[in-house]
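J.:
Numbering (this note's numbering), first residue to last: 2 to 57.
(1) So what's residue 32 in DSSP terms, helix, strand or just coil?
(2) Just to check my reading of the structure: residue 40 and residue 26 have Cβ atoms closer than 8 Å, yes? What is that Cβ distance to the nearest angstrom?
(3) Whole angstroms are fine: how far does the CA of residue 18 sit from the CA of residue 37?
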């Protein structure tokens with residue numbers, strides 16, 4: 002089985018959705034620090050999905 006390389010492109014609307022979710026979290030969590038920690042954990046989890054080809 003050969004490894005295949007895929008290029009994933011994130012749509013502008015998806016990027017906007019992520020920004021809106023972050024703003025929602027920051028506005029609605031009772032403690033700002035919890036919201037910021039949650040956002041950092043989400044970023045870390047997403048960055049660990051490093052199977053995306055970054056040759057751009």
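We put the beta carbon where it would ideally sit given N, CA and C, even for glycine.
T.: Let's see:
(1) coil
(2) Going by Cβ atoms, the distance from residue 40 to residue 26 rounds to 6 Å, so yes, they are a contact pair.
(3) 17 Å
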